[in-house]
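> Structure provided below as structure tokens; questions to follow.
There are 2 protein chains.
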Amino acid sequence: MDPLALHDLRIAVDAMGGDHAPEAVVRGVAEALREADGFRCLLIGNERALAPLIARHKPPLSRVDIVHTEEFIAMDEPPKEAVLQKRRASVLVGAEFLGRNEADALVSAGSTGALVLGAARHVPMIPGTARSGLAALVPTRRRAAGDRGFVLLIDVGATLHVSPQQLSHFATMGAAYLRAALGVETPRVGLLNIGEEATKGDETLRAAYQILVKMRGIDFVGNVEGKDVPAGGVDVVVCDGFTGNVVLKMYEGVASAAIDLAREAGRANFLWGLGIRLLRPALAALVRKTDFAEYGGAPILGFEKLVVKAHGRSNARAIRSAVLVTREALVNDLLGQITSEISQVNETFFAQASGQ
Amino acid sequence: MDPLALHDLRIAVDAMGGDHAPEAVVRGVAEALREADGFRCLLIGNERALAPLIARHKPPLSRVDIVHTEEFIAMDEPPKEAVLQKRRASVLVGAEFLGRNEADALVSAGSTGALVLGAARHVPMIPGTARSGLAALVPTRRRAAGDRGFVLLIDVGATLHVSPQQLSHFATMGAAYLRAALGVETPRVGLLNIGEEATKGDETLRAAYQILVKMRGIDFVGNVEGKDVPAGGVDVVVCDGFTGNVVLKMYEGVASAAIDLAREAGRANFLWGLGIRLLRPALAALVRKTDFAEYGGAPILGFEKLVVKAHGRSNARAIRSAVLVTREALVNDLLGQITSEISQVNETFFAQASGQ
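Protein sequence lines, in the order shown, are assigned to chains A and B.
Numbers 13 to 368, taken from my numbering, label the letters of the first sequence in order.
Numbers 13 to 368, taken from my numbering, label the letters of the second sequence in order.
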């Protein structure tokens, strides 16, 4: 992409989404704009709320546009109803900008459901793919020098049932994202299954295995099991949205159970409490390593524009990362890559089918 | 069940299954027979290997029968092929005893796949149910006095795709097992889903929710998510075998990642190492609490006879528990309860359908 085109990158940001919005969003956007060039941000939200924050955090004004809207969707609103009733909600206005080709990407730390539904309503799918994949970056062991300490899980809830074709698209999209956005040169892709052998799982998984193993654009390591997600050794884990959602939430449950157990052990016994206090820096280092504030956000892939979900608890640093990682993905032409790879996968393996 | 009938209980035990077979099996059986009365054991395996172990561990000889067979199936053999080729393998001979009504239950610490396939070949299903459910007991937080520190997850791999009817049978079978075998008076049952609302998930899950909520024999708490499995607060989690298998293996992966991380932290820093040493008794207590050696084993439900998978790493104590828990389940007429509850569920909700 030439430098001139680079200057035209437009990242729409839902200024009202997330637990710490709008302040964390405005501050994160200001930091991102100061740190990197070649893009501008559209801050979508209530201008009366945004104006004083812009005065305080001082983003470069020539690279910020405010798009005013009164409405927004709260985290705890049922997304389907909210998306129908609040047509001028900040996240939907952002999706409209993508649909009209007036922005290249949308970042939101608000409701995931509203973001997926908003994108589905306003943004066309990449030709040849029928379903979007919601990705999540979950922490893993680092066993080898090449391990990043996280794995991209796709899908974690956008598409509950998948076809072999859709799984092959998720593989392509997930690998392309890691390459373009996070600089993982040759992402290793695994297919989530109940055993390593190619014959494991149902017909869909067996068919997907046979396609993935022949795909040229990815480094397919074969089937992986539930234990391989936290174990690491793979960069992308492809699965249906139901299983991915359960896996993602297991992480949440295990983490909070571990914290509770540590707290109880600390109260139960003086020496145990001392042990936990001694380990606190190690735990903090672990949390930092696996901190969503560094990854930027979780992409929702399959749309013609890039849609990025930042964590609901994002602080300014996490928003800054989300915006910078989104910029990186755009600069490296993520969408162009995905579009051409999906077309190639479809031609090679699904010549008869169009879409899924 | 009257005391006379109790004396007729016959538990077949695969003497050749598991990492520590046959010694741990013979010793565990001897301990179980000494500890409780009213049942006898059929030890199935190579009599040349078993004779010296019986001489050493001295089970009450009047309550032990040896059934000789030369063949057995190793843990790492592909189960489908092994079951076809080794027709006299100890686990298959055990399943034949069930099929001929010459034993009431079968316990094996050997290959899960071979046990499920062997049971499916030789043991009829309970009338009105078409698929077996493989259960697993996984550790959880204890948040309330009633919490046992584990949850029974069913299915974890016997049946990859399920119907609403099959899910309702899993719920009944899992709850009945906890009542009969482990004394959980009113097991709370949850349906694994991607959200708590009744409208979450696909058509199968929405239909299953509507049935479970109306079922009289169980205490249905609603949908539970991945995070609720380790969090506790529910006794039975019902799911399809694919998702259950992934969840079960996630546990394995998280546990081994945590151990590795602790070891690394201990090496990286003297104070962290000290902290981990101080916490070792707490960790040991935690492991004890969640130790499979206490639960006895994981039932495979849906057959007319009780089939129990003991952990592959079972020592004598774990085999002893598996046999005693199996005895407990038989004494409390688990199979009679499941049979009558399944018939009731089918009559109430699936009057048209027979089987699934």
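A virtual CB, placed ideally from N, CA and C, is assigned to each residue, including glycine.
Mind reading off the beta-carbon distance from phenylalanine 361 of chain B to serine 180 of chain B? Whole number of angstroms is fine, and I expect it under 8 Å.
Sequence index remark: in the second sequence, residue 361 of chain B carries index 349 (1-based). Sequence index remark: in the second sequence, residue 180 of chain B carries index 168 (1-based). Phenylalanine 361 of chain B to serine 180 of chain B, Cβ: 7 Å. Contact.
> Roughly how many angstroms lie between the CA atoms of valine 337 of chain B and phenylalanine 84 of chain B, to the nearest whole one?
Here residue 337 of chain B refers to the residue found at position 325 of the second sequence. Here residue 84 of chain B refers to the residue found at position 72 of the second sequence. For valine 337 of chain B and phenylalanine 84 of chain B, the distance between alpha carbons rounds to 24 Å.
> May I have a chain-ordered list of the beta strand (DSSP E) segments no shorter than 3 residues that lie completely inside the segment 304-358 of chain A?
310-313 and 318-321, all fully within the segment 304-358 of chain A.
> For my contact list, glycine 125 of chain A and proline 72 of chain A are in at a C-beta cut-off of 8 Å; report their separation, rounded to the angstrom.
Taking the first sequence and counting its residues from 1, one reaches residue 125 of chain A at position 113. Taking the first sequence and counting its residues from 1, one reaches residue 72 of chain A at position 60. That pair is no contact at about 33 Å.
> Buried or exposed for aspartate 252 of chain B, going by 16 or more other Cβ atoms inside 10 Å?
Looking up residue 252 of chain B in the second sequence gives position 240. Per the 10 Å Cβ criterion, buried.
> Would you grab the beta carbon distance between alanine 328 of chain B and alanine 67 of chain B for me? Rounded to a whole angstrom, and I think it's under 8 Å.
By 1-based counting over the second sequence, the position of residue 328 of chain B is 316. By 1-based counting over the second sequence, the position of residue 67 of chain B is 55. At roughly 16 Å, the Cβ-Cβ gap does not stay under 8 Å, so alanine 328 of chain B and alanine 67 of chain B are not in contact.
> At 7 Å on the CB atoms, spell out the chain A contacts of histidine 323 of chain B, in chain order.
For this step, residue 323 of chain B is matched to residue 311 along the second sequence. Going along chain A, no residue has its Cβ under 7 Å from histidine 323 of chain B, so there is no contact; the nearest lies around 16 Å.
> So, for tyrosine 189 of chain A: in the same chain, excluding its five sequence neighbours on each side, which residues have a beta-carbon less than 6 Å away from its beta-carbon?
Walking along the first sequence from the start, residue 189 of chain A turns up at place 177. Result list for tyrosine 189 of chain A: Pro311, in chain order.
> The alpha helix (DSSP H) spanning aspartate 240 of chain B covers which residue range?
Taking the first residue of the second sequence as position 1, residue 240 of chain B is located at position 228. Counting along the chain, the alpha helix (DSSP H) containing aspartate 240 of chain B begins and ends at 240-243.
> Give every residue of the same chain whose Cβ lies closer than 7 Å to the Cβ of isoleucine 223 of chain B, excluding the five residues on either side of it in the sequence, and list them in chain order.
For this step, residue 223 of chain B is matched to residue 211 along the second sequence. For isoleucine 223 of chain B, where only same-chain residues beyond five positions count, the Cβ hits under 7 Å are Pro176, Ser180 and Phe361.
> Identify every run of the alpha helix (DSSP H) within the segment 82-150 of chain A, keeping only runs that are complete inside it and at least 4 residues long; order them along the chain.
Entirely contained in the segment 82-150 of chain A, the alpha helix (DSSP H) runs reaching 4 residues are, in chain order, 91-97, 102-111 and 124-134.
> Sort out for me which residues DSSP pairs phenylalanine 232 of chain B with in a bridge.
To locate residue 232 of chain B, count along the second sequence from 1; it is residue 220. DSSP lists B/Val201 as partners of phenylalanine 232 of chain B.
> With a floor of 4 residues, list each alpha helix (DSSP H) that falls wholly inside the segment 43-75 of chain B, ordered by position along the chain.
Listed in chain order, they are 59-69.
> Would you say glutamine 368 of chain B reaches chain A, if we count a Cβ-Cβ gap shorter than 8 Å as a contact?
The residue you call residue 368 of chain B lines up with position 356 of the second sequence. Residue placement at glutamine 368 of chain B is poorly supported in this model, since its pLDDT is 45, which falls under 50; the coordinates still yield a value, given next. Not an interface residue.
> So, do the segment 338-352 of chain A and the segment 205-216 of chain A have three or more beta carbon pairs nearer to each other than 8 Å?
No, they do not touch.
> Going by DSSP, what residue range makes up the alpha helix (DSSP H) through phenylalanine 182 of chain B?
On the second sequence, residue 182 of chain B is found 170 positions in, with the first residue counted as 1. 176-194 is the span of the alpha helix (DSSP H), which, as asked, contains phenylalanine 182 of chain B.
> Assuming arginine 100 of chain B and threonine 81 of chain B make a contact with CB atoms under 8 Å, what is their CB distance in whole Å?
Residue 100 of chain B sits at position 88 when you count from the first residue of the second sequence. Residue 81 of chain B sits at position 69 when you count from the first residue of the second sequence. Confirmed, about 5 Å.
> With leucine 164 of chain B as the anchor, note down where its beta strand (DSSP E) starts and where it stops.
If you number the second sequence from 1, residue 164 of chain B lands on position 152. Taken as a continuous stretch (DSSP letters only), the beta strand (DSSP E) holding leucine 164 of chain B covers 162-166.
> Does arginine 153 of chain B come out as helix, strand or coil in the three-state DSSP assignment?
As a working note, residue 153 of chain B is residue 141 in the second sequence. Arginine 153 of chain B falls in the coil class under three-state DSSP.
> Which residues in the same chain as cysteine 53 of chain A place their Cβ atom closer than 6 Å to its Cβ, once the five residues preceding and following it in sequence are excluded?
Counted from its first residue, the first sequence places residue 53 of chain A at position 41. Ile23, Val25, Val41 and Val76, listed in sequence order.
> Distance check for aspartate 240 of chain B and aspartate 20 of chain A, CA to CA, integer angstroms please.
Residue mapping note: residue 20 of chain A aligns to position 8 of the first sequence, counting from 1. Residue mapping note: residue 240 of chain B aligns to position 228 of the second sequence, counting from 1. Cα-Cα distance, rounded: 46 Å.
> Beta carbons nearer than 7 Å to chain B: which residues of the segment 25-44 of chain A have them?
Cβ contacts with chain B come from no residue of the segment 25-44 of chain A.
> Just to confirm my understanding: we take leucine 346 of chain B, look at its own chain, exclude 5 residues before and 5 after, and list those with CB closer than 7 Å. What are they?
The sequence position of residue 346 of chain B within the second sequence is 334, counting from 1. Counting only Cβ-Cβ distances below 7 Å, and skipping sequence neighbours, we find Ala188, Tyr189, Ala192, Ala193 and Leu318.
> List the whole-angstrom C-beta distance separating valine 168 of chain B from valine 201 of chain B, where the pair is believed to meet the contact cut-off of C-beta under 8 Å.
Sequence index remark: in the second sequence, residue 168 of chain B carries index 156 (1-based). Sequence index remark: in the second sequence, residue 201 of chain B carries index 189 (1-based). So it is not a contact: roughly 16 Å between Cβ atoms.
> With alanine 219 of chain B as the anchor, note down where its alpha helix (DSSP H) starts and where it stops.
Looking up residue 219 of chain B in the second sequence gives position 207. Looking at the DSSP string, the run of the alpha helix (DSSP H) that includes alanine 219 of chain B is 215-224.
> For aspartate 26 of chain A, which three-state DSSP category applies?
Stepping through the first sequence from its first residue, residue 26 of chain A is reached at position 14. Aspartate 26 of chain A falls in the strand class under three-state DSSP.
> Taking leucine 290 of chain B and tryptophan 284 of chain A to be in contact with their CB atoms under 8 Å, please state how far apart those CB atoms are, rounded to whole angstroms.
On the second sequence, position 278 is the one that residue 290 of chain B refers to. On the first sequence, position 272 is the one that residue 284 of chain A refers to. At roughly 6 Å, the Cβ-Cβ gap stays under 8 Å, so leucine 290 of chain B and tryptophan 284 of chain A are in contact.
> Can you check whether the C-beta of proline 15 of chain B is within less than 8 Å of a C-beta belonging to chain A?
Counting from one through the second sequence, the residue named residue 15 of chain B turns up at place 3. Since pLDDT at proline 15 of chain B reaches only 47, below the 50 mark, its modelled position is unreliable, and the value read off the structure follows with that caveat. Output row for proline 15 of chain B: interface = no.
> Which two residues bound the contiguous beta strand (DSSP E) that contains valine 248 of chain B?
In the second sequence, the residue the question calls residue 248 of chain B occupies position 236. Element bounds for valine 248 of chain B: 248-250.
> Step through the CB atoms of chain B and report whether any lies within less than 8 Å of the CB of proline 72 of chain A.
On the first sequence, position 60 is the one that residue 72 of chain A refers to. It does not: the Cβ of proline 72 of chain A has no partner Cβ on chain B nearer than 8 Å.
> Short check: CB of glycine 140 of chain B to CB of asparagine 358 of chain B, under 8 Å?
Taking the first residue of the second sequence as 1, we reach residue 140 of chain B at position 128. Taking the first residue of the second sequence as 1, we reach residue 358 of chain B at position 346. Contact flag set, yes.
> Counting only beta-carbon separations shorter than 8 Å, does valine 250 of chain B have a partner in chain A?
Translated into the one-based positions of the second sequence, residue 250 of chain B becomes position 238. So, not an interface residue.
> Let's test the definition: count the other Cβ atoms within 10 Å of the Cβ of asparagine 113 of chain B and tell me whether it reaches 16, buried, or not, exposed.
For the purposes of this step, residue 113 of chain B is identified with residue 101 of the second sequence, where counting begins at 1. Result: exposed.
> For phenylalanine 51 of chain A and glutamate 276 of chain B, I'd like the C-alpha separation in whole angstroms.
In the first sequence, counting from the first residue as 1, residue 51 of chain A sits at position 39. In the second sequence, counting from the first residue as 1, residue 276 of chain B sits at position 264. Rounded to the nearest angstrom, the two C-alpha atoms are 42 Å apart.
> Is the shortest distance between the beta-carbon of valine 128 of chain A and the beta-carbons of chain B less than 8 Å?
For the purposes of this step, residue 128 of chain A is taken as residue 116 along the first sequence, with counting starting at 1. So, not an interface residue.
> In angstroms with no decimal places, state the Cα-to-Cα distance between threonine 198 of chain A and isoleucine 138 of chain B.
The residue labelled residue 198 of chain A in the question sits at position 186 within the first sequence. The residue labelled residue 138 of chain B in the question sits at position 126 within the second sequence. Rounded to the nearest angstrom, the two C-alpha atoms are 51 Å apart.
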